[in-house]
Structures are given as C-alpha cells and as structure tokens.
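**Student:** In our numbering, the protein residues as written are 1 to 332.
Glycine included, C-beta positions come from ideal geometry on N, C-alpha and C.
Nothing here was measured: the structure is a model prediction, and the numbers come from that model.
Can you keep this structure in mind? I'll have questions shortly.
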Ligand code: UD1
C-alpha cells in the first residue's frame, strides 16, 4: 500500500518523499506542476534509486483526484499541495481561498469515500499570528496578516470539524516553522518562482550574484539584535518529522509544531552563512516588511515526547546545504 503525497514535487514535498522512501514506504506523487518542475521527480529518483509513480493532476479537480483514489488502495495521504506566496495571496485572495480550501476539502472527501483513514496536513506557524513566543500547540490561534495564512487556519478548522464526526479517521496537522536548506546531495532544494520572498533563497541568490544585495527588513524589533527572529529548520529534519507523524498517527486529531525551538535573527543567519560558506553577503537595513512579526519560534516538546522526533541538523548544516544546492543548480 502506498502513501499519496500531494504537492510531492514542491520544496517540502520532495524532501518528504525522499525521507519516506528511505524508510521503505511506497509513495505516489500527485502534483499539478503549477509551482514545481518535472525534473524534481528525476532528481528524487536519482537520490532514492526508486521509481516513483507520478500523476500530473490538480487536487482541486475532484474528478481526477477520485480517479486516482480508485486506482490505488492508499494507506494514507500527506497533503502539501497548495499555493504559498504570501504577497500573491494579498493581491489574489480568491485564487488562494479557492485552491487551498477546495484541495483540502477534496482530499478529506476522497479519504472518506475510499476509506483512507490517515491524513497529514501541511500547516504553518503562521496560524499562531503574533502570540507570545515560544508558540505551543494549545495556544488560541490569532488572525494572520494575509489570505495565505488564513487558508492554513481555515483548513485546520475544516479538518478538525471533519474528525469530530468521523472519529475513526486519523488526522495530524503539522505546523511548520521556517524550513530552509536542501538535501545534502544538492539534487533537490528550494526553487522559488521569480524573485524570492523568503530569506534563505534570497541570500543564496545574492551569494550567486543573481541579486545585488539583501534587504534586511527592519532592525528595531525587540529581539537580540533588532532584526526578526525565526525558528529555521532544516528541510530534511522537517521531512523526517512527517515520517514520524505518519508512523505514530492514531485515531483522532493531532497537532504538532515542527521546528527546532531556537530563535535565530536575520543578522545571525547572514553571518553564519558567510562563515560556513566563505563568502560575503552584501546587505542593507531597510523599513520593516508589512505583516512581519518580531519573533516566531516553537515549543517543540510535544513532538519530541509523542512523535519521538526532534530536529538534528544545525544552522550551519542549513546554510551549507542551501548554498550547495543553489551553487550547483541544474534545474532551471
Ligand atoms: C513567511 C510567511 C509565512 C510563510 C513562510 C513560508 C510572511 C509575512 N510570512 O514567513 O506566512 O509560512 O514564509 O516559509 O511573509 N527577511 C529579510 N529580508 C528578506 C526576506 C526576509 O530581512 O529579503 C526577514 C523577515 O523580515 C523575517 C525573516 O527574514 O524576519 C524570515 O522571513 P521569511 O523567510 O520571508 O519567512 P517568514 O516571514 O517568517
């Protein structure tokens, strides 16, 4: 029996497929290639030496999704597929609400229709809004500053209500902090569309000379050095967190933070990146970015206790692997 991974050619999806295959799970990928490339499939197969069934389908299209569920006896689903650009979600809210909500509803419906009991959902630390750090799973969720964030909160709500009345289902919501880095082989990594919005892909493109200098969004936050603090987690640790979540899943609803529990500032990231990769990242401090919060980091004790999982790789590994991927980038 296979696990269906939707969005399995995306940044987190592709690394999770590798981690699953490494633990001898059979995987089927569904991805509409709207923000990913077919070459990623070959890169995954190069790393794992396993041929992975791939279906170019849109999970928001119920007919093709059901057809896929009819042709496999899935053991469970890990649902990554979704739009994720914060800025675009502000200018095109309906596109985000339609796609992200519909995909999740279709997945839950198909799970019910075809008796697939295990479902893991890609959520985000963004659902905590501007809570007091460290964020723990019992905190009330606060409004996010953009439609992308709201779709994550809404999908969590949809799945929570679904399990409430379908008690035999096993649903886990994983709240990711800031995934960066890449597979150490350099075969897969983050492939942003156009100019990156997120910090690490911006830094690697400055390092490569594709972009001139990094803009540091504000240095007057109440943090160690005034720049924004985040909980950066190596994408392979995050991927292994999915394997742990899938392995430990039991009936009912479960929620876990996947982070390291450590808060790192923008300047700390820049300096670690420079030191470990022996290069300079030109940067200048500019105004704060609208919608940013000062600090976000996880209380990771629940995942550690219940999933027997915790992040193993450090910031240096993240900076090294992110640069190794960008430096050798062959996927255009
Ligand atoms: C962002 C999203 C979040 C999403 C996550 C996905 C926002 C407000 N939030 O998180 O909803 O789940 O990406 O990975 O966009 N920074 C700079 N210069 C840059 C880029 C970023 O100084 O060019 C700073 C930011 O101000 C922040 C930190 O770097 O303090 C991290 O930013 P980023 O990588 O964009 O992630 P988040 O904003 O935490």
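Which two residues bound the contiguous beta strand (DSSP E) that contains residue 76?
**Tutor:** Run containing residue 76: 76-79, per the beta strand (DSSP E) assignment.
**Student:** Which whole runs of the alpha helix (DSSP H) in the stretch 191-238 are 4 residues long or more, in chain order?
**Tutor:** Runs of the alpha helix (DSSP H) inside the stretch 191-238: 199-208.
**Student:** Decide if residue 99 is buried, meaning its Cβ has at least 16 other Cβ atoms within 10 Å, or exposed.
**Tutor:** Buried.
**Student:** How long is the line joining the alpha carbons of residue 67 and residue 58, rounded to whole angstroms?
**Tutor:** Rounded to the nearest angstrom, the two C-alpha atoms are 12 Å apart.
**Student:** Buried or exposed for residue 82, please, with buried defined as at least 16 other CB atoms from any protein chain shown within 10 angstroms of its CB.
**Tutor:** Buried, since its Cβ has 16 or more Cβ neighbours within 10 Å.
**Student:** Going by DSSP in three states, residue 251 sits in which element: helix, strand or coil?
**Tutor:** It is coil, neither helix nor strand.
**Student:** Between which residues of its own chain and residue 274 is the CB-CB distance below 8 Å, once the five residues before and five after are set aside?
**Tutor:** Answer for residue 274: 280, 281, listed in chain order.
**Student:** For residue 32, count neighbouring C-beta atoms within 10 Å of its own C-beta (all shown protein chains included) and say buried if the count is 16 or more, exposed if not.
**Tutor:** Residue 32 comes out buried.
**Student:** Can you check which of these residues, 184, 216, 163, is closest to residue 43 by C-alpha distance?
**Tutor:** Selected option, being the one with the closest Cα: 184.
**Student:** Do you know whose CA, among 204, 120, 212, 195, lies nearest residue 169's CA?
**Tutor:** Selected option, being the one with the closest Cα: 120.
**Student:** Quick check on DSSP: helix, strand or coil for residue 66?
**Tutor:** Correct three-state label for residue 66: helix.
**Student:** Who does residue 262 pair with in a DSSP beta bridge?
**Tutor:** Its beta-bridge partners do not exist; DSSP assigns none.
**Student:** Give a yes or no on whether the C-beta atoms belonging to residue 76 and residue 246 are separated by under 8 Å.
**Tutor:** Yes.
**Student:** Here's the rule: buried if 16 or more other CB atoms are within 10 angstroms of the residue's CB, otherwise exposed. What is residue 179?
**Tutor:** By the 10 Å Cβ count, residue 179 comes out buried.
**Student:** With a CB to CB cut of under 6 Å and the five nearest residues on each side skipped, what residues in its chain are close to residue 294?
**Tutor:** Here the set comprises 221, 222, 223.
**Student:** Would the beta-carbon of residue 270 fall within 8 Å of that of residue 203?
**Tutor:** Their beta carbons are under 8 Å apart, which means residue 270 touches residue 203 by this criterion.
**Student:** For residue 228, is the beta carbon positioned less than 7 Å from some heavy atom of the ligand UD1?
**Tutor:** Yes.
**Student:** Is the closest heavy atom of the ligand UD1 to the C-beta of residue 145 under 7 Å?
**Tutor:** Yes, since a heavy atom of the ligand UD1 falls inside the 7 Å radius drawn around the Cβ of residue 145.
**Student:** Between which two residues does the beta strand (DSSP E) holding residue 293 run?
**Tutor:** Here residue 293 belongs to no beta strand (DSSP E), and DSSP marks it neither H nor E.
**Student:** Could you tell me the alpha carbon to alpha carbon distance between residue 296 and residue 2, rounded to whole angstroms?
**Tutor:** The alpha-carbon atoms of residue 296 and residue 2 are separated by roughly 35 Å.
**Student:** Roughly how many angstroms separate the alpha carbons of residue 218 and residue 37, rounded to a whole number?
**Tutor:** Rounded to the nearest angstrom, the two C-alpha atoms are 34 Å apart.
**Student:** Verify the contact flag: residue 161, CB atom, against every heavy atom of the ligand UD1, threshold strictly below 7 Å.
**Tutor:** Residue 161: no, Cβ never under 7 Å from the ligand UD1.
**Student:** Using beta-carbon positions only, say whether residue 258 and residue 303 come within less than 8 Å of one another.
**Tutor:** It is a contact, given that the beta carbons lie within the stated cut-off.
**Student:** Could you pull the DSSP bridge partners for residue 54 from this structure?
**Tutor:** Per DSSP, 29.
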